[in-house]
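This report concerns only the one structure given below.
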Amino acid sequence: MTITRWPNLMQEIKRVLKPGGIIEQHELDAIAHNAGPKFQNIQNYGNETSSTSEKQKQGFNYIGGRKFYDIVPYVLPADIEEDDRLHQQHFALKYICGGNYTAPIHDLIKPGSKILDLGCGPGQWTLEMAQEFPQADVYGIDINANFPTTIKPANSHFLVGNVTERLPWEDNYFDFIWIRYLFVGIMDADWQNLYHEVRRVLKPGGILEHHECDGLTVNPGPKFKKFLGHFEEAFISRDLSFRLACELSERMTMAGFEDQLEGGKIGEIWAANLKDGTFAMKPWLSKLTGLTDDEYDSVVQYIFDYEIFEYDDYHNHHMVWARKNQ
Ligand SMILES: C[S@@+](CC[C@H](N)C(=O)[O-])C[C@H]1O[C@@H](n2cnc3c(N)ncnc32)[C@H](O)[C@@H]1O
């Protein structure tokens with residue numbers, strides 16, 4: 001926890017304690033006595049009171065009390081508060097996507113299979129996959145070592161690494177590779193090489209699943225719209241691709257991936273549902289469109305079998321609930 005938050009925590013503990021109640025706290029002093037020169041060096045990495053030039057040497061910049069990388073263009077901090085946010089984000093995305101993956105991996109993952117989480121962050125996805133597939137080995141790699149190192153399933157493995165460099169595995173090693181929300185850290189020009197590396201370490205028949213958030217917000221109000229403009233400029237200034245999400249399919253094809261399915265099962269069901277709905281309206285709608293029966297069929301087929309995938313069409317689904325109070 002950051003130094004500035006301790007007084008508030010102590011005040012809160014005092015507030016909820018009964019008069020006469022007791023607080024017991026255990027902490028480890030970060031300083032190891034009698035440390036040799038190598039260990040002393042390691043300890044300095046965690047010492048946030050070191051001078052600015054020392055901090056910069058370690059590859060970080062401290063801005064406004066938050067710790068940022070200055071060796072990679074990653075836009076978000078690399079600290080514990082950010083890990084908390086990433087955990088929340090993981091659970092929100094898992095809920096939205098109905099699980100930890102959409103690819104058909106159940107038949108793919110067998111005893112001894114290997115799974116990789118590229119840019120794993122604090123490692124929640126890696127840990128959950130290790131639990132769900134105890135017969136497989138699940139690896140997480142991130143430039144930030146904020147993942148668990150001791151209390152974790154035995155079949156989960158974490159390592160520190162920059163994923164824009166050669167991946168530290170032999171060819172054809174993994175059955176399933178997962179990437180989520182790396183558009184905030186990988187430069188536009190690095191994606192091609194990254195995909196090639198992913199393809200190299202994937203077994204033939206292996207699957208890459210990649211989720212990204214489109215930087216574009218639909219229907220922003222005037223203030224947010226202006227703010228989003230700044231966001232986009234900031235991404236461009238770091239050579240990051242603000243709208244990478246819309247290009248995943250194209251970029252995967254360029255890297256040689258096949259059999260793509262965008263939107264996963266939900267997207268597939270939704271597209272089929274829209275196609276059926278459009279055919280269901282044909283008896284009256286075809287007259288309005290001025291198309292013959294055959295023309296209507298071929299246009300609808302073209303739209304739902306091809307064009308919606310080419311243009312990444314999507315629908316927003318709005319959910320509202322309300323109560324009758326009297
Ligand atoms: C927004 S977080 C997403 C974390 C995780 N994939 C998830 O969905 O919860 C992006 C992660 O990418 C990592 N990252 C950024 N640039 C990287 C690089 N060049 N090599 C490895 N990891 C990187 C960051 O440290 C961070 O943990």
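In UniProt numbering, the protein residues as written are 1 to 326. Note that CB positions come from ideal geometry on N, CA and C, so glycine has one too.
Where residue i falls, given that 16 or more other Cβ within 10 Å makes a residue buried
| i | result |
| --- | --- |
| S241 | buried |
| W284 | exposed |
| G281 | For clarity, residue 281 is Met in the given sequence; the question names Gly instead. With fewer than 16 Cβ atoms within 10 Å of its Cβ, M281 is classed as exposed. |
| A131 | The sequence shown places Gln at residue 131, rather than the Ala named in the question. Result: exposed. |
| F224 | exposed |
| K67 | buried |
| R323 | exposed |
| N144 | buried |
| residue 336 | Outside the shown range of the chain, which is 1 to 326, sits residue 336, and nothing can be said about it. |
| W191 | buried |
| A78 | buried |
| T289 | exposed |
| Y311 | exposed |
| G185 | buried |
| W178 | buried |
| D259 | exposed |
| E233 | exposed |
Residues bridged to residue i [DSSP beta-bridge criterion]
| i | result |
| --- | --- |
| G140 | D117 and F158 |
| L202 | F174 |
| I187 | Per the sequence shown, the amino acid found at residue 187 is Met instead of Ile. M187 is bridged to L240. |
| H211 | R180 |
| K67 | Y62 |
*Please confirm if the stretch 119 to 126 is in contact with the stretch 84 to 103, defined as three or more CB-CB distances below 8 Å between the two stretches.*
yes
*Is the stretch 202 to 219 touching the stretch 96 to 113 in the sense that three or more CB pairs, one from each, lie closer than 8 Å?*
yes
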